[in-house]
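Asks: In this note's numbering, the protein residues as written are 81 to 408. C-beta: ideal position from N, C-alpha, C; glycine also. What you are looking at is a predicted structure, and each value in this text was computed from that prediction instead of being measured. Below is one structure. I have some questions about it.
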């Protein structure tokens, strides 16, 4: 009953806060301290974020901040699509948070009424082209959120490493793969799934066809202003996975990467999930990167939380440690 009361209070607080204001609301549940931090453009982020901290963390230890963004929780709120309503419940049931017992940050990338189909958390070509306003470079906004979150945790006596653990499945899997691709120096280890068999590849071209971002690196400097950091990307432990029955062809939609790039991906890597995944997995292995892939044959949209937690735990140090995925 106490948890229900806390949740009710927070749901009352959040609408009052407003996503356009830099204010904070927080609650304590039996297991978590959850804080909502509103947008703060002066600090570099025009979207808010949630910070969830398991109760009872030891103050003499250091923790990896676990991040997940854009987990498809948005709903219309006064004509605007946002994630605040779903994020709280999602954090309460977050399997990795419960298993890893480490702080979690979840950005609330809000869609704008003027472009409701654009997903800021997708980090696709359309979003990366935006040069001003609240949708400008969500990846850089996320870096600013991480900086702010670490300061808040430090005030509470909770120490965190400079690098983060990153996870995601489905829409948040897109963010996971692309943020790791763009900012490998920030990521200690990444576990990303449900991306329709496609992952950004460290290649400028394949089969004599240029691989534009987010397929590859052919024009990545156009969107980021910097060359692809292949050295640090190769050193970053990454685990990419799919469920064999999760072949829903979202790849062909504009929301994934753009129609032109999606059509190229299907043409180059295969119409079926199995074809795409085999080709992409082979190219990732050939790159010499600290990457492992897995296709779960026994289930569809497989969250694979147990395997994800095992991979992150194993890759908290300097060396890449492959793990053995299990069919469940």
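Terminal residues of the continuous alpha helix (DSSP H) containing residue 218?
Replies: Taking the first residue of the chain shown as 1, we reach residue 218 at position 138. Note, residue 218: alpha helix (DSSP H), 218 to 235.
Asks: Can you tell me whether DSSP reads residue 186 as helix, strand or coil?
Replies: For the purposes of this step, residue 186 is taken as the residue at position 106 of the chain shown. Here residue 186 sits in strand by DSSP.
Asks: Determine the extent of the beta strand (DSSP E) in which residue 147 is found, giving its start and end residues.
Replies: Working through the chain shown from its first residue, we reach residue 147 at position 67. Per DSSP, residue 147 belongs to the beta strand (DSSP E) from 142 to 147.
Asks: Alpha carbons only, please: which of 110, 174, 112, 137 is nearest the one belonging to residue 384?
Replies: Along the chain shown, one-based indexing puts residue 384 at 304. It is 174 whose Cα lies nearest to the Cα of residue 384.
Asks: Which residues in the same chain have their Cβ closer than 6 angstroms to the Cβ of residue 283, if we skip the five residues on either side of it in sequence?
Replies: For this step, residue 283 is matched to residue 203 along the chain shown. Closer than 6 angstroms at the Cβ level, and outside the excluded window around residue 283, lie 291, 296.
Asks: DSSP puts residue 272 in a beta bridge; with which residues?
Replies: For this step, residue 272 is matched to residue 192 along the chain shown. Note: residue 272 sits in a beta bridge opposite 248, 320.
Asks: Can you find the residues in the same chain that come closer than 6 angstroms, C-beta to C-beta, to residue 181, ignoring five residues on each side of it along the sequence?
Replies: Translated into the one-based positions of the chain shown, residue 181 becomes position 101. These residues qualify, in order along the chain: 134.
Asks: Roughly how many angstroms separate the alpha carbons of residue 289 and residue 260, rounded to a whole number?
Replies: Residue numbering aside, residue 289 sits at position 209 when the chain shown is read from its first letter. Residue numbering aside, residue 260 sits at position 180 when the chain shown is read from its first letter. Near 24 angstroms, if we compare the C-alpha coordinates of residue 260 and residue 289.
Asks: Count the other CB atoms within 10 Å of the CB of residue 146; is the residue buried (16 or more) or exposed (fewer)?
Replies: The residue labelled residue 146 in the question sits at position 66 within the chain shown. The residue in question, residue 146, is buried, as its Cβ has 16 or more Cβ neighbours within 10 Å.
Asks: Is residue 356 helix, strand or coil when you go by DSSP?
Replies: Numbered from 1 along the chain shown, position 276 holds the residue referred to as residue 356. Here residue 356 sits in helix by DSSP.
Asks: Is the CB-CB distance between residue 240 and residue 142 below 8 angstroms?
Replies: For the purposes of this step, residue 240 is identified with residue 160 of the chain shown, where counting begins at 1. For the purposes of this step, residue 142 is identified with residue 62 of the chain shown, where counting begins at 1. Yes, the pair counts as a contact, with Cβ atoms nearer than the cut-off.
Asks: According to DSSP, is residue 203 helix, strand or coil?
Replies: Position 123 of the chain shown, counted from the first residue, corresponds to residue 203. Three-state DSSP puts residue 203 in coil, outside helix and strand.
Asks: I need the DSSP call for residue 138, collapsed to helix, strand or coil.
Replies: Counting from one through the chain shown, the residue named residue 138 turns up at place 58. If DSSP states are grouped into helix, strand and coil, residue 138 belongs with coil.
Asks: Assuming contact is defined by CB atoms lying nearer than 8 angstroms, are residue 324 and residue 246 in contact in what I supplied?
Replies: Along the chain shown, read from residue 1 onward, the residue named residue 324 stands at position 244. Along the chain shown, read from residue 1 onward, the residue named residue 246 stands at position 166. No, the pair does not count as a contact, with Cβ atoms beyond the cut-off.
Asks: Locate the alpha helix (DSSP H) running through residue 300, then write down its first and last residues.
Replies: Translated into the one-based positions of the chain shown, residue 300 becomes position 220. 300 to 304 is the extent of the alpha helix (DSSP H) around residue 300.
Asks: For residue 390, does the three-state DSSP call read helix, strand or coil?
Replies: As a first step, residue 390 must be located in the chain shown, where it is residue number 310. Reduced to three states, the DSSP call for residue 390 is helix.
Asks: Per DSSP, what kind of secondary structure is residue 106 in: helix, strand or coil?
Replies: What you label residue 106 is simply residue 26 of the chain shown in a count that begins at 1. Three-state result, residue 106: strand.
Asks: Could you spell out the range, first to last residue, of the beta strand (DSSP E) harbouring residue 348?
Replies: For this step, residue 348 is matched to residue 268 along the chain shown. Looking at the DSSP string, residue 348 is not in any beta strand (DSSP E); the run it does join, the alpha helix (DSSP H), is 339 to 349.
Asks: When you compare only the Cα positions, how much space is there between residue 402 and residue 370?
Replies: Residue numbering aside, residue 402 sits at position 322 when the chain shown is read from its first letter. Residue numbering aside, residue 370 sits at position 290 when the chain shown is read from its first letter. Each residue's alpha carbon lies about 8 angstroms from the other.
Asks: Report yes if the C-beta distance between residue 183 and residue 238 is below 8 angstroms; otherwise report no.
Replies: For this step, residue 183 is matched to residue 103 along the chain shown. For this step, residue 238 is matched to residue 158 along the chain shown. Yes, the Cβ-Cβ distance between residue 183 and residue 238 is below 8 angstroms.
Asks: With which residues is residue 308 paired in a DSSP beta bridge?
Replies: Against the chain shown, residue 308 aligns to sequence position 228. Its beta-bridge partners do not exist; DSSP assigns none.
Asks: Please state if the CB of residue 267 and the CB of residue 244 are separated by a distance shorter than 8 angstroms.
Replies: Taking the first residue of the chain shown as 1, we reach residue 244 at position 164. Taking the first residue of the chain shown as 1, we reach residue 267 at position 187. Yes, the Cβ-Cβ distance between residue 244 and residue 267 is below 8 angstroms.
Asks: If we count the other Cβ atoms within 10 Å of its Cβ and call it buried at 16 or more, is residue 347 buried or exposed?
Replies: To locate residue 347, count along the chain shown from 1; it is residue 267. Its Cβ having fewer than 16 others within 10 Å, residue 347 is exposed.
Asks: Return yes when the Cβ of residue 228 is within less than 8 angstroms of the Cβ of residue 203, no when it is not.
Replies: The residue labelled residue 203 in the question sits at position 123 within the chain shown. The residue labelled residue 228 in the question sits at position 148 within the chain shown. No, Cβ-Cβ distance for residue 203 and residue 228 is not below 8 angstroms.
Asks: Report back the beta-carbon spacing between residue 129 and residue 187 to the nearest angstrom; my notes put them in contact at under 8 angstroms.
Replies: To locate residue 129, count along the chain shown from 1; it is residue 49. To locate residue 187, count along the chain shown from 1; it is residue 107. Right, their Cβ atoms sit about 5 angstroms apart.
Asks: Given this structure, state the Cα-to-Cα distance separating residue 277 from residue 234, to the nearest angstrom.
Replies: For the purposes of this step, residue 277 is taken as residue 197 along the chain shown, with counting starting at 1. For the purposes of this step, residue 234 is taken as residue 154 along the chain shown, with counting starting at 1. In a straight line, the C-alpha of residue 277 is about 39 angstroms away from that of residue 234.
Asks: Below 8 angstroms CB to CB, which residues in the same chain sit around residue 171 once its five sequence neighbours on both sides are set aside?
Replies: Locating residue 171 in the chain shown gives position 91, where the first residue counts as 1. Answer for residue 171: 112, 114, 130, 132, 177, 184, 186, listed in chain order.
Asks: What residue range does the alpha helix (DSSP H) around residue 179 cover?
Replies: Here the question's residue 179 lines up with position 99 in the chain shown. Per DSSP, residue 179 belongs to the alpha helix (DSSP H) from 175 to 180.
Asks: What number of angstroms, rounded off, separates the C-alpha of residue 313 from the C-alpha of residue 389?
Replies: Residue 313 sits at position 233 when you count from the first residue of the chain shown. Residue 389 sits at position 309 when you count from the first residue of the chain shown. In a straight line, the C-alpha of residue 313 is about 21 angstroms away from that of residue 389.
Asks: Just the Cα atoms here: how many angstroms apart are residue 381 and residue 119?
Replies: For the purposes of this step, residue 381 is identified with residue 301 of the chain shown, where counting begins at 1. For the purposes of this step, residue 119 is identified with residue 39 of the chain shown, where counting begins at 1. In this prediction, residue 381 scores a pLDDT of 49, lower than 50, which makes its location untrustworthy; no coordinate-derived value is stated.
Asks: For a quick check, are the C-beta atoms of residue 360 and residue 281 less than 8 angstroms apart?
Replies: Counted from its first residue, the chain shown places residue 360 at position 280. Counted from its first residue, the chain shown places residue 281 at position 201. It is a contact, given that the beta carbons lie within the stated cut-off.
Asks: Taking just the CA atoms, how far does residue 140 sit from residue 151?
Replies: Working through the chain shown from its first residue, we reach residue 151 at position 71. Working through the chain shown from its first residue, we reach residue 140 at position 60. Going by the C-alpha atoms only, they are around 32 angstroms apart.
Asks: Would you grab the beta carbon distance between residue 258 and residue 200 for me? Rounded to a whole angstrom, and I think it's under 8 angstroms.
Replies: To locate residue 258, count along the chain shown from 1; it is residue 178. To locate residue 200, count along the chain shown from 1; it is residue 120. So it is not a contact: roughly 12 angstroms between Cβ atoms.
Asks: Considering only the beta carbon of each residue, do residue 255 and residue 149 sit closer than 8 angstroms?
Replies: Counted from its first residue, the chain shown places residue 255 at position 175. Counted from its first residue, the chain shown places residue 149 at position 69. Contact flag set, yes.
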